[in-house]
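Colleague: Structure provided below as structure tokens; questions to follow.
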């Protein structure tokens, strides 16, 4: 979803309706993976656990995306925030 939500910022001269259509296309492909993954995962994890894991993956891929696409390296505060999110995921997943 990072590409769908933020990728268009690299192409600000593109008309907004094309940016929206491209974002929807990318999001559709990601949903085609996420929905079946949640269905499979819900057999062994709670909805809360699935969501927290999804957030960790989303934040992690966003940090990589921001670095590669926009040359924004994470700051120390952001690394600490990411670590706290990982701790939250661990606590949510712990049975």
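Residue numbers (the working numbering): 5 to 99.
We treat Cβ as the ideally placed atom computed from N, Cα and C, and that holds for glycine.
Just to confirm, are residue 87 and residue 60 a CB contact at a threshold of 8 Å?
Modeller: Mapped onto the chain shown, residue 87 falls at position 83. Mapped onto the chain shown, residue 60 falls at position 56. No, Cβ-Cβ distance for residue 87 and residue 60 is not below 8 Å.
Colleague: Could you tell me how far apart the beta carbons of residue 96 and residue 53 are, in whole angstroms, since I believe they sit closer than 8 Å?
Modeller: Walking along the chain shown from the start, residue 96 turns up at place 92. Walking along the chain shown from the start, residue 53 turns up at place 49. The Cβ separation is near 6 Å, so the contact holds.
Colleague: Let me make sure I understand the geometry here. Which of 83, 11, 67 has the alpha-carbon closest to that of residue 25?
Modeller: Here residue 25 corresponds to residue number 21 of the chain shown, with the count starting at 1. Ranking the options by Cα distance to residue 25, first place goes to 11.
Colleague: Measure the Cβ-Cβ separation of residue 5 and residue 23 and say whether it is below 8 Å.
Modeller: The residue you call residue 5 lines up with position 1 of the chain shown. The residue you call residue 23 lines up with position 19 of the chain shown. Taking 8 Å as the Cβ cut-off, residue 5 and residue 23 do not qualify as a contacting pair.
Colleague: The ligand NAP and residue 15: does the residue's C-beta get closer than 7 Å to at least one heavy atom of that ligand?
Modeller: Absent from the structure shown: the ligand NAP. Ligands present: none.
Colleague: Please state whether DSSP places residue 59 in a helix, a strand or coil.
Modeller: By one-based count along the chain shown, residue 59 stands at place 55. Three-state DSSP puts residue 59 in a helix.
Colleague: Tell me, to the nearest whole angstrom, how far the beta carbon of residue 70 is from that of residue 34; I am working on the premise that it is less than 8 Å.
Modeller: Stepping through the chain shown from its first residue, residue 70 is reached at position 66. Stepping through the chain shown from its first residue, residue 34 is reached at position 30. With 8 Å as the limit, residue 70 and residue 34 do not qualify as a contact, their Cβ atoms being about 17 Å apart.
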